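All you need for our numbering is the position in the sequence shown, starting with 1, plus 1. Reviewing the structure listed below.
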Amino acid sequence: MTTSIESVSPPEDSAAQLLECELLEIAEQELGLSGPQALCVAQAMLRGLRKRYGGMRMGARGAAIYVPAPSKKERNEAIRREFNGVNRQQLQTKYGLQRAQLYRILGERPGSVRNGISSPETSPSVEG
2 MTTSIESVSP PEDSAAQLLE CELLEIAEQE LGLSGPQALC VAQAMLRGLR
52 KRYGGMRMGA RGAAIYVPAP SKKERNEAIR REFNGVNRQQ LQTKYGLQRA
102 QLYRILGERP GSVRNGISSP ETSPSVEG
C-alpha cells in the first residue's frame with residue numbers, strides 16, 4: 002500500500018526517490034501511518050540518513066544500500082532562509098562551511114547556474 006503523494010526529492014535523484022519510497026512503505030506498514038504523516042516520517046528519516054551516511058554504501062555485497070549525499074541545493078536554500086545578517090558563525094558551524102563558501106551561497110540566486118555566463122540582470126548594458 003503505497004501512498005501517491007508527491008516526493009520533494011529532485012527528479013534526477015533516483016536513488017533518493019527509491020529510498021524515500023521504501024521508507025514510506027515502512028512507515029505505512031510498520032508504524033500504521035498513512036498519507037501526509039507517513040510521508041513526513043519517511044522524508045525526515047531520509048534527510049537524517051543523507052546527513053549521517055550520505056555518499057556511502059552500507060551493508061554486505063549484494064545487499065548493500067546506497068545512501069545518497071545530502072542535496073546541496075536544499076542545503077543552500079535552507080542557509081538563505083536562515084541567514085538573518087548576524088548569524089554567520091552559527092551557520093558556518095551548523096553546515097560546516099568556510100566564510101567564503103557561506104558568502105558565495107548567500108550571493109547566489111535560487112535556480113541560478115554558475116557557469117561563467119552572466120544573467121541579464123547582472124550583465125552590464127552595452128549601448129551601441
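No residue lacks a Cβ here, since even glycine has one placed at the ideal position from N, Cα and C. Note that the structure is a prediction, hence the values are computed from the model and not measured.
Query: Sequence ranges, alpha helix (DSSP H) only - wholly within the stretch 53-90, length at least 4; Result: 73-83
Query: Buried or exposed by the 16-neighbour rule on C-beta atoms within 10 Å, applied to Pro-37; Result: exposed
Query: Pair within 7 Å by beta-carbon distance, Ala-16 and Pro-71; Result: no
Query: For Gly-33, the three-state DSSP class (helix, strand or coil); Result: coil
Query: Exposed unless 16 or more other CB atoms sit within 10 angstroms - verdict on Leu-25; Result: buried
Query: Under 7 Å between C-beta atoms of Ala-28 and Leu-34; Result: yes
Query: Burial state of Arg-51 (16 or more Cβ within 10 Å); Result: buried
Query: Backbone secondary structure at Ala-17 - three-state DSSP; Result: helix
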